[in-house]
Structures are given as C-alpha cells and as structure tokens.
Amino acid sequence: QQGDLMTPGHAEKQVDVLLAEYQACNSTRDHYDGTIWLIGSIFVATSLTIFATSFLDPVEQNPWNVTFLGVVSLGVFFMWVGYELSVRPFVKAAIKRAWEIEDELRKLDYPVLMHARIRETNQTLPRKILRGKYLFTTLILMVLVVWVLRLLLAWHYF
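With this note's numbering, you'll find the sequence shown wraps up at 176, consecutive numbering, no jumps.
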C-alpha cells in the first residue's frame, strides 16, 4: 500500500512538524508554569503581609478589623489557588505531549533522550507527583488553620 510508505521528503517534514510542536509544548509549559509561580509569589506575599498587618495595634483592637483582613487575605490566597488549579492541566498536557513527541522521534531513529532518561532514573515519579499534591494541600490547610487561630485569638481577647 502506497499510503504506508514514507518518502524521505515526507519523513523530513514530519520531523520538522514534530520538532515545532515539541518546541511549542515546552514554551507553553514554561509560560504557564512560570506564570503560576509569578502570580503565586505576588499573591502569597500579599496574603502574608495582610496576615502580619492583623497583628498591628490599631487593627488588633477591633476583632472585626481582623476578620475583614482575614477574609481579604484568604480571598487573595484562594484567587491564586484557583488560578493554579485552572492552569495546571495546560502544564500537564504540554509535558505529556512533549513525551509523546519524544517517543515518536525515537521511533524515527532520532535519539531524543531527555525525558526518557528522567523517567528511567526516576522510577518514583508517581510518588513525587503525589507528594506534590500533598504539599499543595498542606499549604492550603496551613493558611486556613493559621487564619482560624488568628481569628479565635482576636475574638477571645475582645
């Protein structure tokens, strides 16, 4: 069957398309992952600053002020969490497609080894991904617990 045969020109074009898509996958991943952490560093720092402000004397004298700052701080923090959760699938999809492209290039006898070596040497990748989910959940719980304790402290001494 003629459709199964690949001409040298067609193979070169296929490789060019795969390489362009591979570059796009890596650029997409870098962009979204970098944006997640850029926004995170700003929003988490803002949330912590608001938390620290809740301990200032003029604010601390009225528990309603502390409550208001708690709502604002948690709102800022959860805006970042929401953004992270909405964008993370794009990062994962880009990584997955890059791995698939590497597999396709290897089938065409191009020795693309970066992610293959990472997967070979890191057999604990699923555990690390799971650990990352636990760390993210722990961060969210810590922020909530700290603010609950702060609000209890403010209302207890009122």
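Ideal Cβ positions, reconstructed from N, Cα and C, are used throughout, including at glycine.
Starting from the C-beta of F95, find all residues in its chain whose C-beta is less than 7 Å away, skip the five residues before and the five after it, and write them out in chain order.
Numbered from 1 along the sequence shown, position 77 holds the residue referred to as residue 95. These residues qualify, in order along the chain: F61, V62, S65 and V161.
G93 and S72 closer than 8 Å at C-beta
Taking the sequence shown and counting its residues from 1, one reaches residue 93 at position 75. Taking the sequence shown and counting its residues from 1, one reaches residue 72 at position 54. Not a contact, by the Cβ cut-off of 8 Å.
T64 (DSSP reduced to helix, strand or coil)
For the purposes of this step, residue 64 is identified with residue 46 of the sequence shown, where counting begins at 1. In the structure shown, T64 sits in a helix (DSSP, three-state: H, G or I).
Quick check on the burial criterion: 16 or more other C-beta atoms within 10 angstroms. Buried or exposed for F69?
Counted from its first residue, the sequence shown places residue 69 at position 51. The residue is buried, with at least 16 neighbouring Cβ atoms inside 10 Å.
Nearest CA to the CA of E122: which residue from L37, R106 and H49?
Taking the sequence shown and counting its residues from 1, the one referred to as residue 122 is at position 104. The candidate whose alpha carbon is nearest that of E122 is L37.
Roughly how many angstroms lie between the CA atoms of K151 and E120, to the nearest whole one?
Counted from its first residue, the sequence shown places residue 151 at position 133. Counted from its first residue, the sequence shown places residue 120 at position 102. Going from the Cα of K151 to the Cα of E120 covers about 26 Å.
Quick check: what's the CA-CA separation for W165 versus S45?
In the sequence shown, residue 165 corresponds to position 147, counting from 1. In the sequence shown, residue 45 corresponds to position 27, counting from 1. Each residue's Cα considered, the two are about 37 Å apart.
Would you mind giving the Cβ-Cβ distance between Y175 and A116, rounded to the nearest angstrom? I have them listed as a contact below 8 Å.
In the sequence shown, the residue the question calls residue 175 occupies position 157. In the sequence shown, the residue the question calls residue 116 occupies position 98. Not quite, the Cβ-Cβ distance comes to about 54 Å (not below 8 Å), so this is no contact.
In the DSSP assignment, find the alpha helix (DSSP H) that holds Y101 and state where it starts and stops.
Numbered from its first residue, the sequence shown carries residue 101 at position 83. Counting along the chain, the alpha helix (DSSP H) containing Y101 begins and ends at P81 to K125.
By DSSP, does Q19 sit in helix, in strand, or in coil?
Indexing the sequence shown from 1 puts residue 19 at position 1. In this prediction, Q19 scores a pLDDT of 43, lower than 50, which makes its location untrustworthy; no coordinate-derived value is stated.
Cα-Cα separation between V109 and A42, rounded to whole angstroms:
The residue labelled residue 109 in the question sits at position 91 within the sequence shown. The residue labelled residue 42 in the question sits at position 24 within the sequence shown. When rounded, the distance between both Cα atoms is 12 Å.
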